[in-house]
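S.K.:
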Amino acid sequence: MSRRQFVKSSVLAGGGLLLACHLPFYVRDAAAAVDAVFAPNAYLRIGTDDSVTIIVNKSEMGQGVYTSLPMLLAEELCCDWKRVTFQASPVAPEYNHAQFGPIMVTGGSTSVRSEWDRLSLAGAAAREMLIAAAAQQWQVDPSACRAENGVVLGPGGKQSSFGKLAANASKLPVPKEPKLKSGAKKLLGKSLHRLDSPAKINGKAVFGIDVTAPGMLTAVIARPPVFGGKVSSFDATRALAVPGVKQVVVVEAGVAVIADGYWPAVQGRKLLEIVWDEGEGAKVSTPAMREEYARLSATPGVVARKDGDAPAVLAKAAKRFEVEYEVPYLAHAPMEPLNCFVDLKKESCRIRTGTQFQTVDRGAAARIVGLNPEQVTIETTFLGGGFGRRACTGSDFVSEAAQVAKAARVMKQPVKVIRSREDDMRAGYYRPMWYDRVMACLDAKGMPLAWHHRIVGQSIIAGTLFEQAMIKDGIDDTSVEGAANTPYAIPNLQVELHSPKNPVPVLWWRSVGHSHTAFVMESFLDELAHAAGKDPYQYRRKLLAGHPRTSKVLETAAKKGDWGKPLPAGHGRGIAVHESFGSFIAQVAEVSLDNRGNIKVHRIVCAIDCGRIVNPDTIKAQMESAITFGLTAALYGAITLKDGRVEQGNFDGYPLVRMQAMPKVEVHIIKSSEPPGGVGEPGVPPTAPAVANALFAATGARLRSLPMTAEKIKSAVKRG
Amino acid sequence: MIVFNVNGKERRVDVSPDTPLLWVLREKLELTGSKFGCGEGLCGACTVHIDGHPQRSCITPVGDVQGKKVVTIEGVPENHPVKKAWLAQEVSQCGYCQPGQIMSAVALLEKKPQPTDADIDSAMSGNLCRCGTYGRIRRAIHAAGGKPAAKGGK
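If you read the protein sequences in the order shown, they are chains C and B.
Residue 223 in this note's numbering is what sits at position 223 of the first sequence, and the numbering runs on without skipping anything.
Counting from 1 along the second sequence, just add 1000 to a position and that's the residue number in this note's numbering.
(1) Please state whether DSSP places residue 681(C) in a helix, a strand or coil.
(2) Measuring straight from C-alpha to C-alpha, what distance separates residue 621(C) and residue 396(C)?
(3) Quick check for students: name the residue ranges of the beta strand (DSSP E) that lie wholly in the region 1051-1083 of chain B, counting only runs of 3 or more.
(4) Measure the beta-carbon distance from residue 577(C) to residue 691(C) and round it to whole angstroms, keeping in mind my assumption that it falls under 8 Å.
(5) Which same chain residues end up closer than 7 Å to residue 127(C) when comparing Cβ atoms and leaving out the 5 residues on each side of it in sequence?
(6) Are the region 221-234 of chain C and the region 631-649 of chain C touching, with three or more C-beta to C-beta distances below 8 Å?
(7) Can you give me the C-alpha to C-alpha distance between residue 701(C) and residue 632(C), rounded to a whole angstrom?
(8) Contact criterion: CB-CB distance below 7 Å. Does residue 580(C) meet it with respect to chain B?
(9) Note down, in chain order, every chain C residue with its Cβ under 9 Å from the Cβ of residue 1124(B).
(10) Hey, quick one: how far does the alpha helix (DSSP H) through residue 576(C) stretch, first residue to last?
(11) May I have a chain-ordered list of the alpha helix (DSSP H) segments no shorter than 4 residues that lie completely inside the region 350-405 of chain C?
(12) Give me, in chain order, the residues of the same chain whose beta-carbon lies closer than 7 Å to that of residue 109(C); leave out the 5 immediate sequence neighbours on both sides.
(13) Just the C-alpha distance for residue 338(C) and residue 688(C), rounded to the nearest angstrom, thanks.
(14) What residue does the beta strand (DSSP E) around residue 159(C) start on, and which one ends it?
(15) Could you give the DSSP three-state label for residue 699(C): helix, strand or coil?
(16) For residue 334(C), would you say it is in contact with chain B, using Cβ-to-Cβ distances shorter than 7 Å as the test?
(17) Assuming residue 539(C) is part of the alpha helix (DSSP H), what are its boundary residues?
(18) Express the C-alpha separation of residue 429(C) and residue 358(C) in angstroms, rounding to a whole number.
(19) Ordered along the chain, which non-local residues of its own chain (more than five positions away) have a Cβ less than 6 Å from that of residue 31(C)?
(20) For the ligand SAM, is there a heavy atom less than 6 Å away from the beta-carbon of residue 149(C)?
(21) Return no unless some Cβ of chain C is closer than 7 Å to the Cβ of residue 1019(B).
(22) Hey, quick one: how far does the alpha helix (DSSP H) through residue 624(C) stretch, first residue to last?
(23) Taking the beta carbon of residue 512(C) as the centre, do at least 16 other beta carbons fall within 10 Å, making it buried, or is it exposed?
(24) If you measure from the beta carbon of residue 1092(B) to each beta carbon in chain C, is any gap under 7 Å?
(25) Alpha carbon to alpha carbon, how far is residue 134(C) from residue 171(C)?
(26) So which residues on chain C does residue 1078(B) lean against when the C-beta distance must stay under 7 Å?
(27) Just to confirm the assignment, what range does the beta strand (DSSP E) spanning residue 309(C) have?
(28) Excluding the five sequence neighbours on either side, which residues of its own chain have a C-beta within less than 8 Å of the C-beta of residue 366(C), listed in chain order?
(29) First and last residue of the beta strand (DSSP E) that includes residue 84(C)?
(30) Using a C-beta cutoff of 7 Å, does residue 31(C) count as contacting chain B?
(31) Can you give the Cα-Cα distance for residue 515(C) and residue 651(C), rounded to whole angstroms?
(32) What are the residues that DSSP puts in a beta bridge with residue 330(C)?
(33) Can you name the start and end residues of the alpha helix (DSSP H) that residue 516(C) belongs to?
(34) Output needed in chain order: residues of the region 641-653 of chain C with a Cβ under 7 Å from some Cβ in chain B.
(35) Do residue 591(C) and residue 604(C) come within 7 Å of each other at the CB atom, strictly closer than that value?
(36) Under 7 Å between the Cβ atoms of residue 153(C) and residue 116(C)?
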């Protein structure tokens, strides 16, 4: 039975049955499930008490989907916003991504974009049914009635609340083609407060790591010190002697210590004696990898874009520029370390975790425990940060928990696997390390005539379930996005790709390919502007003719960011603009050097055009967030490997921007009636180049390598 | 047996005294508002008050709080000016670090009711936020201290 059929028959059977199948609501002490009698679709339930529950199929990881998606439905429903609450959806076909095919997933900055129509129509259909129920009751024509603020109003002052109409409305057919309302929006475009904020400030929001159950055990896993390593032999005698340690099992991920709490599990793990078979993984080191990448960048790759004939033009150029840019592996480092709860029974498997990738994770768990996917349920908790890490193509954190649950099956107790921060940072899945070589020459007016760009780095898609669908003619678009589709008018443009393979696991990381291509494109374009003796802002404007939305954000950021206005001595401004995920963003950064030679970022002004909008304050918050994320990558972030071992483990070795380093951030949203664009990721790409360009303006030092450390700045200043 | 006061209630726990207070709160007392982020006192997600001082519960052995008063995020009243300011400024994103941020902010304001930006820098720089809510945290602290919130972060 499909969920829709189920809901329908539940309604026919009365409210009681629906009560019995209430969905997980991840707020502790939440009010008991409402007496829901009207459930016209998978996304909405209205109770006799006028409560409106909106079911959200996207994972909440900071981006505000538990507010923005209910706003879309509530706008059309015309309900009382004060009565709206949210619930996380289960995994079911109704909740699959509206554009990505048959999987439930949160990613690609698509939540608002992909759900806009579906949720608007769901709200409109319910409104039409409530109006029809009222009209039937009053024996008037539905066109004489309207809905407003949770009440249907009819002729002669008649009115009835949604709750009172719910039972009758549920008996009516669901309209096939509901009409969206016309006129001014009541909710959309307003900075409504987030529905999940109260739970998040009083400790009641339940994240995966907070999940518990009677008899639950906690496990930690000793993982191989290098990627691809295997357990050769182990002795758990001393580990098992730790009070609280219950069992030690070998699983594919490593050796798991299962205990009655996290602390005894960790104490037990310290006493494990394991001999590892390290294999080829021990040979990986990032300096050697970098040399290999540099060598590859000097050879032709697979062509991702070819306009004109850049190599030929460059061969004849009187003056050519040739530079190398590089960025390191980066960890997502969400504040909540990865974890997963599994309660495995004979014919069922209940998973509770903060994931962005429910269908893929469910399939992986089902294969491991030997059940059908339909026998596996995933309850999505709050996510303590995602940034792509919790949409793992290898389903690593769910798979390892399923492996442990299977190995410990005889114990008949649910188990939660928790990663320490070090586990989280060292167990892989990073933004790839990239090495770019760019060659260019200018025309007589100083504008780019040819641009020949070679990109070297691992594909995040190769070897995954998505390889066949996403890699075309040897090109993983996520490796070249932001470069191969640059809007700049360059007559001879060639972009090539090398996708070397190595054992380091890689994954999408907030803004994916754009996180590196924008740094290269926007920095090197800045170099060319300066080489031509032109203003970097005007230079970009000139190259963006025919791209009004990109131009508009560029102009807005320049204006609001005081481009060209005087600055204190030692300060500099840099600008960058980039389109990604259907949105256009420009940023102006103002920086100086502190007395230790570190970059001090004073201010970042951001302009965004993301089309039609839902909640302006959420968009501002996401820009502030993305800029902070981009700054951490620009100033500090690097994962390095030596003898196959990741050298960073905690926030001392992998620092994040802290309060005292946070610049003033200003966000300007361009009014637009264009289709909605993404918001979660596109704020990241412009930050690193804007800061690098500002550093050049302030000091004359051009940094082509991230992160921009004091050491690199010092040697770049010396070079001149 | 270790006896201490949590949020105004006497609690007794029978655990090894070297167990970090954080795991006792989370796993024995079902107070999961205090979060695990690093286990090394580097991120502040586990911040609680011990006899009025903000401390990292992930590196505080529970044996050290014998006879002391511990306050966690669950013990800060819902109508506390800091919690109200957090809502008014719409600080939270993923929300994972916010209990620790709030505990640090409450302690700061108890010591310094109208902190300067420099006070905020030094009191709050031990609390990491990967979502980048720092500008709003700063505004919320100023607002809770009675100073009108400036626009645009700092």
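We put the CB at the ideal spot given by N, CA and C, even for glycine.
M.R.: With the given structure in hand:
(1) Stepping through the first sequence from its first residue, residue 681(C) is reached at position 681. Looking at residue 681(C) - three-state DSSP - the assignment turns out to be coil, as it is neither helix nor strand.
(2) Taking the first sequence and counting its residues from 1, one reaches residue 621(C) at position 621. Taking the first sequence and counting its residues from 1, one reaches residue 396(C) at position 396. Approximately 30 Å between the Cα atoms of the pair.
(3) 1053-1056, 1069-1071
(4) As a working note, residue 577(C) is residue 577 in the first sequence. As a working note, residue 691(C) is residue 691 in the first sequence. Not a contact, Cβ separation roughly 14 Å.
(5) For the purposes of this step, residue 127(C) is taken as the residue at position 127 of the first sequence. Cβ within range, chain order: 76, 77, 78, 147.
(6) Short answer: they touch.
(7) On the first sequence, position 701 is the one that residue 701(C) refers to. On the first sequence, position 632 is the one that residue 632(C) refers to. Cα-Cα distance, rounded: 20 Å.
(8) On the first sequence, residue 580(C) is found 580 positions in, with the first residue counted as 1. False, the Cβ-Cβ gap to chain B never drops below 7 Å.
(9) Position 124 of the second sequence holds residue 1124(B). The contact set of residue 1124(B) on chain C, defined by CB atoms closer than 9 Å, consists of 658, 659, 660 in chain order.
(10) Indexing the first sequence from 1 puts residue 576(C) at position 576. Unbroken run through residue 576(C) is the beta strand (DSSP E), 572-580; no alpha helix (DSSP H).
(11) Runs of the alpha helix (DSSP H) spanning 4 or more residues and lying entirely within the region 350-405 of chain C occur at 358-369, in chain order.
(12) Stepping through the first sequence from its first residue, residue 109(C) is reached at position 109. Result list for residue 109(C): 581, 678, 679, 680, 681, 682, in chain order.
(13) Against the first sequence, residue 338(C) aligns to sequence position 338. Against the first sequence, residue 688(C) aligns to sequence position 688. Taking the straight line joining both Cα atoms gives about 27 Å.
(14) Along the first sequence, one-based indexing puts residue 159(C) at 159. Run containing residue 159(C): 159-161, per the beta strand (DSSP E) assignment.
(15) Taking the first residue of the first sequence as 1, we reach residue 699(C) at position 699. Of the three classes helix, strand and coil, the one that applies to residue 699(C) here is helix, per DSSP.
(16) What you label residue 334(C) is simply residue 334 of the first sequence in a count that begins at 1. So yes, residue 334(C) belongs to the interface.
(17) Stepping through the first sequence from its first residue, residue 539(C) is reached at position 539. 536-543 is the extent of the alpha helix (DSSP H) around residue 539(C).
(18) Taking the first sequence and counting its residues from 1, the one referred to as residue 358(C) is at position 358. Taking the first sequence and counting its residues from 1, the one referred to as residue 429(C) is at position 429. So the alpha carbons of these two residues sit roughly 18 Å apart.
(19) The residue given as residue 31(C) occupies position 31 in the first sequence. Its pLDDT being 38, under 50, residue 31(C) is placed unreliably in this model, and the coordinates cannot settle the point.
(20) The ligand SAM is absent from the structure shown, which contains no ligand whatsoever.
(21) In the second sequence, counting from the first residue as 1, residue 1019(B) sits at position 19. Closer than 7 Å to some Cβ of chain C, the Cβ of residue 1019(B) qualifies, so yes.
(22) Residue 624(C) sits at position 624 when you count from the first residue of the first sequence. Element bounds for residue 624(C): 616-635.
(23) In the first sequence, the residue the question calls residue 512(C) occupies position 512. In summary, residue 512(C) is buried, with 16 or more beta-carbon neighbours lying within 10 Å of its beta-carbon over all protein chains present.
(24) Numbered from its first residue, the second sequence carries residue 1092(B) at position 92. With 7 Å as the cut-off, residue 1092(B) counts as an interface residue toward chain C.
(25) The residue given as residue 134(C) occupies position 134 in the first sequence. The residue given as residue 171(C) occupies position 171 in the first sequence. Residue 134(C) and residue 171(C): Cα-Cα distance of roughly 12 Å.
(26) Here residue 1078(B) refers to the residue found at position 78 when the second sequence is read from its first residue. Ordered by position in chain C, the residues that pass the 7 Å Cβ test against residue 1078(B) are 202.
(27) Numbered from its first residue, the first sequence carries residue 309(C) at position 309. No beta strand (DSSP E) holds residue 309(C); DSSP gives it neither H nor E.
(28) Taking the first residue of the first sequence as 1, we reach residue 366(C) at position 366. Counting only Cβ-Cβ distances below 8 Å, and skipping sequence neighbours, we find 349, 372, 373, 375, 376.
(29) In the first sequence, residue 84(C) corresponds to position 84, counting from 1. Boundaries of the beta strand (DSSP E) harbouring residue 84(C): 84-88, taken from the DSSP string.
(30) Locating residue 31(C) in the first sequence gives position 31, counting from the first residue. Caution is warranted here: a pLDDT of 38 is assigned to residue 31(C), below 50, making its placement in the model unreliable, and the coordinate value is therefore given only provisionally. Answer no: the Cβ-Cβ gap between residue 31(C) and chain B never drops below 7 Å.
(31) Taking the first sequence and counting its residues from 1, the one referred to as residue 515(C) is at position 515. Taking the first sequence and counting its residues from 1, the one referred to as residue 651(C) is at position 651. Whole-angstrom Cα-Cα distance: 21 Å.
(32) Within the first sequence, numbered from 1, the residue matching residue 330(C) stands at position 330. Paired residues: 431(C).
(33) Numbered from its first residue, the first sequence carries residue 516(C) at position 516. Taken as a continuous stretch (DSSP letters only), the alpha helix (DSSP H) holding residue 516(C) covers 514-531.
(34) 650, 651, 652
(35) The residue you call residue 604(C) lines up with position 604 of the first sequence. The residue you call residue 591(C) lines up with position 591 of the first sequence. Result no, Cβ atoms of residue 604(C) and residue 591(C) do not sit closer than 7 Å.
(36) Within the first sequence, the letter at position 153 stands for residue 153(C). Within the first sequence, the letter at position 116 stands for residue 116(C). The answer is no: Cβ separation not under 7 Å.
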